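Everything below concerns the one structure shown next.
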Amino acid sequence: MRATKTTLFIGVLCLCILVNVLLSKFPNTTDVPQTIDGLYCNVKTKISFSTITQNSTNFENRSDEEVLPKGSLENSVSYNSCAVVSSSHGLMLHTYGREIDAHDAVLRFNCAPTETFEEFVGSRTDIRLINTRIPGRACKKEFLNDSIAMFNREITVVRNFDAVRLAPRDFGKDIATELGRFCIATGKCKKTDKSPSTGMFGVVMMLHLCNWVYVYEILPSNKDSTNLRYYYDEKAKNLKTTGGFHSFSQEKQYIRTLSLTSDQDIANTGVALLKGLNKVRCD
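Read in order, the letters of the sequence shown correspond to residues -24 to -1, 1 to 259 in mature numbering (1 follows the signal peptide of the UniProt record, and there is no 0).
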């Protein structure tokens, strides 16, 4: 069912995204479609995506440009079936490890580990999306060592690399604009000036890279009655979805609307299937 893939040994791929996307107003919403296919077309045509390369402005002729790839990620890899694995504590209520590892590519976030949690979250990591605020705060042990062993067998995509602003730099802004457009047009959520989360960035990124995207516990199942946030941390508590810096409630409504999985199945399993943008045909 899944294709076997040679592990990619790629240094660091950097996704240039502004972490704090603040919207003072939302665009005209008359072009917001009311169908799932229409929403997918909006993602495909209105949300730009690319990663920093050696030829990017501000990196040409720099001594550290060799750590960057020659080509943008969407032109370098392509997958059939992908898993987007959240860091949610809800994953501990399922045993999705083997299922996750069977996908062609597995995306994880920040410093979420697999060791000792393989039964629940799998053991493979092919792509890791990291918010640059995280290494200085919670991932010092993983980053500040000679081998950086956690990251040496995967593609690492860094959000807002060194706060360098390059063109095009609209990925985060485009996501936020589309969320605002969706909320106003459908009435399923309230508009917000909060930044999209790293999880939302990852979902949209994988829609560009994969034919089919399975998201695990980003839309939570009804299995977890605890107030714990992460599967690997028994102390961290959940934030209220209406609080913090990110537009979690809006994102969940948007992903749920894109999902090809029924609400009841999502509630039971915490798994939702999304269609990759290669499968989308737009007029």
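Here a beta-carbon is modelled for each residue, glycine too, at the ideal position from N, C-alpha and C.
Keep in mind the model is a prediction, meaning the values are calculated, not measured.
Contact between Ile242 and Ser62 fails: their C-beta atoms lie close to 13 Å from each other, not under 8 Å.
In this structure, the CA atom of Leu185 is about 13 Å from the CA atom of Val256.
Under the rule that a run must span 3 or more residues, the beta strand (DSSP E) segments found entirely inside the segment 209 to 258 read 209 to 213, 247 to 251.
When the Cα atoms are used, Ser171 and Gly156 turn out to be separated by approximately 11 Å. By the Cβ test, the segment 224 to 238 is not in contact with the segment 202 to 211, since fewer than three Cβ pairs between them sit closer than 8 Å. For Val180, there is no enclosing beta strand (DSSP E); the enclosing alpha helix (DSSP H) has its first and last residue at 174 to 185.
The beta-carbon distance between Ser197 and Thr245, rounded to whole angstroms, is 6 Å. This is short enough to meet the 8 Å contact definition. Closest in C-alpha terms to Gly252, from the list Ala59, Thr101, Asn203, Ser52, comes Ala59.
The beta carbons of Phe96 and His70 sit about 7 Å from each other, so the pair counts as a contact at 8 Å. According to DSSP, Leu105 shares a beta bridge with Phe85, Val133. Rounded to the nearest whole angstrom, the C-alpha separation of Lys166 and Phe158 is 9 Å. Cβ neighbours of Gly98 within its own chain (closer than 6 Å, five residues either side excluded): Gly73, Ile76, Asp77.
For Thr29 against Gly14, the beta-carbon gap comes to about 32 Å, at or over 8 Å, which does not count as contact. Under the three-state reduction of DSSP output, Val53 falls in the coil class, being neither helix nor strand. Contact check for Thr174 against Leu105 passes: the beta carbons are separated by less than 7 Å.
When the five nearest sequence neighbours on each side are left out, the beta carbons in the same chain lying within less than 6 Å of the beta carbon of Arg84 are those of Val61, Thr101, Arg104, in order along the chain.
Straight through space, the alpha carbons of Val179 and Gly148 are spaced by roughly 12 Å. Under the DSSP assignment, Arg100 falls outside any beta strand (DSSP E); it carries neither an H nor an E label.
Residue pairing by DSSP places Cys58 opposite Ala81, Val189 in a beta bridge. Under the 10 Å beta carbon count, Asn51 is surrounded by fewer than 16 other beta carbons and is classified as exposed. In the three-state scheme derived from DSSP, where H, G and I count as helix and E and B as strand, Leu67 is classed as helix. For Met68 and Pro89, the gap between their C-alpha atoms comes out near 13 Å. For Leu155, no beta strand (DSSP E) encloses it; the enclosing alpha helix (DSSP H) starts and ends at 147 to 162. Per the DSSP secondary-structure output, Leu204 pairs in a beta bridge with Lys213. Rounded to whole angstroms, Glu94 and Val82 show a C-alpha spacing of 13 Å.
If you draw a straight line from the Cα of Leu249 to the Cα of Asp80, it is about 15 Å long.
Remark: C-beta atoms of Asn203 and Asn56 do not approach each other more closely than 7 Å. About 6 Å separates the beta carbon of Val19 from that of Leu183, a gap short enough to meet the 8 Å contact definition.
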